[in-house]
Ligand SMILES: NC(=O)c1ccc[n+]([C@@H]2O[C@H](COP(=O)([O-])OP(=O)(O)OC[C@H]3O[C@@H](n4cnc5c(N)ncnc54)[C@H](OP(=O)(O)O)[C@@H]3O)[C@@H](O)[C@H]2O)c1
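In this note's numbering, the protein residues as written are 6 to 331.
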């Protein structure tokens, strides 16, 4: 099969990812399915897995000295090409989406517990954009933020992979949504349904009069005290992430402080690691099929240009999601 291959960790996609034309197809276990990949997508985690940074990611099963997966692709949409004998619920020919290892390839092995049927009316490329970013946004808005109809929600990083889904999901839950992003992407965030858009280079949302019931923070790494100032007295702050470049903790210092402080204050300061699971893929599919979410796909690249997609994301140029068509 054709596949992107990575042998060593590195931070520049062009240096460490290469296309090979004759890679052995993955073998699947009894409880796995083999996917014929149609599309895969890029997210910040793709870069972290590729770079092996921050270092704790290497302890999370991705390989201590060198990457274990064939390539750093994880989000996927495609067709079931084979099923292990212990698999129930999926059959050859099913069109699915979800997460797996090594999705920048023509074939990838996947666990049924991380797959669901592809949403009707979404292309493979759109479906491939959803699994990691959409699931993270869903868990941020629904589980951590507990967003309810009528609430005011602020999404910091509204033009990003997670943020573009968070805006739409919060709107679907009946919230009034304000998105924070750069000026050049304000139109995108408005088109997703945001009621208000704040350009972080012009306005400081932590200094205004508006207080938010829920803040979903995916970018900018604002101080906890600043974010708390923009929250209502019993508001919920959901720290999803933010790139600091830190090699050791990668920004998790702020999350650790939030967890320590949360029991001592009336506001809820939450952080979480998204769980990849089929049930939430079904919820996302239902939201998509009901017209509440449409993945914001910025560009689709051929497999050979996977590195260019990762570089565009890393440079902060992506408007929403970047997809690799296989
Ligand atoms: N907790 C989890 O399980 C989990 C899961 C997925 C991702 N994450 C983390 O969540 C973060 C976001 O991921 P992503 O894939 O959505 O990244 P992304 O696509 O690169 O989006 C980043 C967003 O941050 C915005 N931003 C940049 N600088 C900012 C600033 N100074 N103030 C406010 N916003 C700013 C960007 O806006 P512009 O592009 O308009 O400048 C963009 O909307 C990453 O750190 C990622 O590692 C965590």
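Using N, Cα and C, we set each Cβ at its ideal position, and we do this for glycine too. Bear in mind the structure is a predicted one, so any value in this text is a computation, not a measurement.
Reference residue i, options the options, closest by Cα
i	options	result
residue 71	118, 99, 22, 80	22
residue 227	263, 238, 167, 218	263
residue 143	170, 200, 269, 275	170
residue 243	177, 40, 256, 219	219
residue 183	163, 189, 174, 177	163
residue 200	225, 173, 208, 221	173
residue 303	317, 294, 258, 187	317
residue 185	63, 90, 74, 232	232
residue 153	138, 178, 261	178
residue 284	109, 44, 120, 31	120
residue 12	41, 43, 54, 47	54
residue 27	17, 7, 327, 63	7
residue 313	95, 14, 51, 43	51
residue 86	77, 76, 97	97
residue 246	47, 223, 151	223
residue 311	270, 34, 44	44
residue 151	270, 292, 67, 241	241
residue 258	18, 276, 272, 156	276
residue 307	18, 112, 328	328
residue 187	161, 198, 181	161
residue 46	94, 139, 278	139
residue 105	67, 296, 269	67
residue 16	32, 77, 90, 24	77
residue 29	58, 64, 75	75
residue 291	122, 65, 59, 155	122
Inter-residue spacing [alpha-carbon to alpha-carbon] between residue i and residue j
i	j	result
residue 323	residue 305	11 Å
residue 56	residue 238	40 Å
residue 136	residue 298	13 Å
residue 10	residue 149	36 Å
residue 141	residue 49	12 Å
residue 325	residue 36	34 Å
residue 189	residue 20	30 Å
residue 294	residue 176	15 Å
residue 39	residue 265	43 Å
residue 208	residue 225	13 Å
residue 107	residue 260	29 Å
residue 301	residue 287	19 Å
residue 256	residue 248	7 Å
residue 61	residue 229	23 Å
residue 41	residue 320	30 Å
residue 4	residue 69	Because the chain is modelled from 6 through 331, residue 4 falls outside the range shown and cannot be assessed.
residue 93	residue 111	23 Å
residue 25	residue 31	14 Å
residue 269	residue 198	35 Å
Reduced DSSP secondary structure (H/G/I, E/B, other) of residue i
i	result
residue 127	coil
residue 232	helix
residue 297	coil
residue 142	helix
residue 64	helix
residue 280	coil
residue 252	coil
residue 148	helix
residue 25	strand
residue 320	coil
residue 181	strand
residue 223	coil
residue 292	helix
residue 172	helix
Rounded distance between the beta-carbons of residue j and residue i, thought under 8 Å
i	j	result
residue 330	residue 130	6 Å
residue 267	residue 274	4 Å
residue 235	residue 289	Not really, about 28 Å apart at Cβ, beyond 8 Å.
residue 134	residue 157	At roughly 27 Å, the Cβ-Cβ gap does not stay under 8 Å, so residue 134 and residue 157 are not in contact.
Task: Inter-stretch contact (C-beta, 8 Å, three-pair minimum) for the segment 122-136 and the segment 195-209 - done: no
- [ ] Give a yes or no on contact between the segment 104-122 and the segment 249-264, applying the rule of three or more CB pairs nearer than 8 Å.
- [x] no
Open item on the list: Under 8 Å, with one C-beta from each stretch per pair, do the segment 208-215 and the segment 190-199 reach the 3-pair mark?
Closed with: no
- [ ] Would you check if there are 3 or more beta carbon pairs closer than 8 Å linking the segment 166-180 to the segment 138-155?
- [x] yes
Task: Inter-stretch contact (C-beta, 8 Å, three-pair minimum) for the segment 73-84 and the segment 99-110 - done: yes
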